[in-house]
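Below is one structure; the comments refer to it alone.
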């Protein structure tokens, strides 16, 4: 899954490009020394690395427009980068590209509690958006696991979710407007601090477009009032299937927890060894969290526990204090770190109809034997967003390839049962060749035709999202 | 605000067109007798009327594709029609167009309670979607006032909301997937019964695209578990401004009512005269409804009433029974009927930031004097979706034009204060010339370029949404 070979004609223009960027931007906003550009050679999908030709770090929307205009005039590909936490290679550069990073765009531009929104520059991290409004009792809902590091720009590009999106929705449900720069330097405004938009909903289209349609520099985000409190319950089962049925029954009963997290035995064991959260050694664990006033929490938990009891759980642990709540979450929140200590791993991201959960887990277990690689499952079960972690050894020849083949088989299974290749990580380079399993040729054609509109030269984050042959053909046709 | 003059070259092809449609579709699915096509001469914006050349009423996605393919080959414009309840002229035909009605596509294709969705043909009415799932305790959330009559196809075209969308969102938040036929007869699938979609979110783009990008024949809709109960409270104030502040304070406090409806004095008086709901004669009335279990309702109402009391209400009426609840809603629900009895009226639809409510109401009152026309305000205050009703006399020369000018001035005011031309009715023909007040030329250009992708010939519902000159130029360029 490499990037296409660099275009020598573009590489030959490097010094002219760098000189033009230097003339247009502050001197410290342009990086071209190979020792420094190497910092940008990969994102969180570290299996793939390639240093870009240059890096620009603009300090304003105007500077973003200047940089893009120069690259557009010189036909140089541009890879936008938030905080570089993509697990799908969304910010992986090619050798003939310029990385456009938004890391310097971190300002809060406006907070409006009466109309419940905040306007920020998109290099700001997810968690520091909440940080800017929490003294007034508000928060920004989408909470990807990487929220301490990841930028709003990347959240918008990948339509990120998080553990609590069962109740609050993903980024697209919390995004009200953006300022976006097109590849040719045109600045456009989409949406705003109001419900709906006249004409077409281009804002919805931009959210999740993986930096291929424009560079979003400012975002108006919906902020919500913090609930009075929240409390989780830990439920253990001796069968994935029964745990899956319990999730379905909770959803069917009309309770709306803020989170239903699911861990299977390999994941439970790894988390327990790493964090010592006191998890029982069972087949499947659910963490179900509800929020509201004390009375609301009690009422919801009562319903949930009644449903859980009907499925004969081997563990049912309620939290009676903030400390106990933190302890219940401790293992889950350290799942990725725990896996990283055992092995290299690849974190997948697919979605399935919730009712398919037991079947899909069973098949993943069987495939684990077929491919000879262990897999641990941890996911947002309430909305069917799976994150299987495939363990492999990066130093063992052939292991990465086997891991990728296993991953592809799992994602095809998601599509087969009526699900989707991605939940919140995006397609990036990781899944671009699987798009033909999800979409018919005419469905893909119309997606690519939409890219033609925003970026006729296919310069913006090319070689991602679509099968490599298709995007290459499009780029060649445009050239 | 008329449709452009019909193209004589297209009119000349009528008999050939009708013959081809008859060969491709069942005989009763094609209507061309002027006595019968007249039924389709307008939608709910009855000020404008024009009979189409022919009407087709296909019975399947395949028949929709056949009809579109024929019209595409013969370069005949097609105006899709749901139930014809558009208040913005979204389904107004031109004399040289074919109306494609989905009225026969009313089947429920699949219900899945475990995964919480229903799949329906889009001619089905909004209310009968809920009707198909309510015995299992579920409902479909968006609830436009016209829900007894309006079709899901039109809800998707206009991204319809309703009184309860403050909590549940509008159509786009409850739509999971569609089957759509492009103008050239290609059938595509977007989204599905799962969270998110790989690649671009074209589903979000389609929702609200006013039948200009394709004809949606099937839809997968999110269904929700019915809450245990719901209860409204009626709050009266002697000032619009104070009522506006009360709305802001409720939102700021983090209570999330399912509905906050607002009526001003002219509306209250008309409703009271019509329905006798026992409304007090005050300046502004709020109906705030909350739902959940009895305990949850009590707790939320307590907070709301405390906030209301701090603003010295002249009326504060709680409901203690289903009958009292119905009585509180009675006046509001008959608002449009009440207005129709007094006068002809035009119902506008714009959104504003909630905090601008008092200012906008004051300005509308002043403009009412300037234009010499009465106006009554009734709207979904929680999300700033206004529905001013301008009263006029259709038989008085010049009154309609004055009414339209007044309406345009109100919508421009919405944009000025940071709001938007539409909340849920769409642009249609009504607001197409105001789009330049909302958008910069480059913003409009990119919307039209997106239409180029889906409908290069600009045959699908043309002469709507965009300023007439712009869309005409685009059509001419494509011809």
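Residue numbers (our numbering), protein chains in the order written: chain C, 1 to 479; chain Y, 1001 to 1479.
Even for Gly, the Cβ is constructed at its ideal location relative to N, Cα and C.
- The Cβ of residue 1198(Y) sits closer than 9 Å to at least one Cβ of chain C.
- Across the segment 207 to 237 of chain C, CB contacts with chain Y closer than 9 Å involve 207, 208, 209, 210, 212, 213, 224, 225, 226, 227 and 228, in sequence order along the chain.
- Here the alpha carbons of residue 90(C) and residue 461(C) stand approximately 8 Å from one another.
- Closest by C-alpha distance to residue 36(C), out of 26(C), 57(C) and 347(C), is 57(C).
- The beta-carbon of residue 379(C) is placed no less than 9 Å from the nearest beta-carbon of chain Y.
- The beta carbon of residue 392(C) sits no closer than 9 Å to any beta carbon of chain Y.
- The C-beta of residue 246(C) comes no closer than 9 Å to any C-beta of chain Y.
- For residue 218(C), the pairing in a beta bridge is given by DSSP as 121(C) and 179(C).
- Around the beta carbon of residue 1240(Y), a 10 Å sphere encloses 16 or more other beta carbons of the protein chains shown; the residue is thus reported as buried.
- At a Cβ-Cβ threshold of 9 Å, residue 1413(Y) and residue 1392(Y) do not count as neighbours.
- Excluding the 5 residues flanking it on each side, residue 1235(Y) has same chain C-beta neighbours closer than 6 Å at 1286, 1308, 1313 and 1316, in chain order.
- At a cut-off of 9 Å between beta carbons, residue 1114(Y) contacts chain C.
- Non-local C-beta neighbours of residue 456(C) in its own chain, meaning closer than 7 Å and more than five positions away in sequence, comprise 478, ordered along the chain.
- With the criterion set as a beta carbon lying under 8 Å from some beta carbon of chain Y, the members of the segment 342 to 358 of chain C are 351, 352, 353, 354 and 355, in sequence order.
- Annotation for residue 168(C): the continuous alpha helix (DSSP H) segment containing it runs 165 to 168.
- Put simply, the backbone Cα of residue 1437(Y) is about 14 Å away from that of residue 1470(Y).
- Counted as a single uninterrupted DSSP element, the stretch harbouring residue 1110(Y) is not any alpha helix (DSSP H) but the beta strand (DSSP E) occupying residues 1108 to 1112.
- Residue nearest to residue 1191(Y) within the set 59(C), 178(C) and 418(C) is 418(C) (criterion: CA-CA distance).
- Residue contact with chain C for residue 1395(Y): absent (no Cβ-Cβ distance below 9 Å to any residue of chain C).
- Out of 1093(Y), 1011(Y), 1008(Y) and 1370(Y), the CA that lies nearest to the CA of residue 1048(Y) is found in 1093(Y).
- By the criterion of at least three beta-carbon pairs nearer than 8 Å, the segment 1069 to 1077 of chain Y is in contact with the segment 1013 to 1032 of chain Y.
- Minimum Cα-Cα distance from residue 1209(Y) among the listed residues 1154(Y), 1262(Y) and 1199(Y) corresponds to 1154(Y).
- Within its own chain, the residues whose Cβ lies closer than 6 Å to the Cβ of residue 1288(Y), once the five positions on either side in sequence are excluded, are 1233, 1257, 1260 and 1304, listed in chain order.
- If only uninterrupted beta strand (DSSP E) runs of at least 3 residues are considered, those enclosed by the segment 182 to 207 of chain C are 187 to 191.
- Ranked by how close their Cα comes to the Cα of residue 426(C), the residues 464(C), 416(C) and 398(C) have 464(C) in first place.
- CA-to-CA, the gap between residue 21(C) and residue 53(C) works out to about 12 Å.
- Taking C-alpha positions only, residue 1178(Y) is separated from residue 341(C) by approximately 44 Å.
- The beta carbon of residue 1338(Y) sits closer than 6 Å to the beta carbons of 1270, 1271 and 1274 from its chain, once the five residues preceding and following it are set aside; these are given in chain order.
- Around the beta carbon of residue 1440(Y), fewer than 16 other beta carbons lie within 10 angstroms, which makes this residue exposed.
- For residue 27(C), the number of other beta carbons within 10 angstroms of its own is below 16, and it is reported as exposed.
- Looking at the DSSP output, residue 115(C) bridges to nothing.
- For residue 1252(Y), the C-beta contacts it makes with chain C under 7 Å involve 113 and 114, in order along the chain.
- Ranked by Cα distance from residue 1230(Y), the options 1329(Y), 1205(Y), 1126(Y) and 1175(Y) are led by 1329(Y).
- With respect to the 9 Å criterion, residue 117(C) and residue 44(C) are not classified as neighbours on the basis of their beta carbons.
- Rounded to the nearest whole angstrom, the C-alpha separation of residue 1311(Y) and residue 1243(Y) is 8 Å.
- Interface with chain C (9 Å Cβ-Cβ cutoff): residue 1435(Y) is included.
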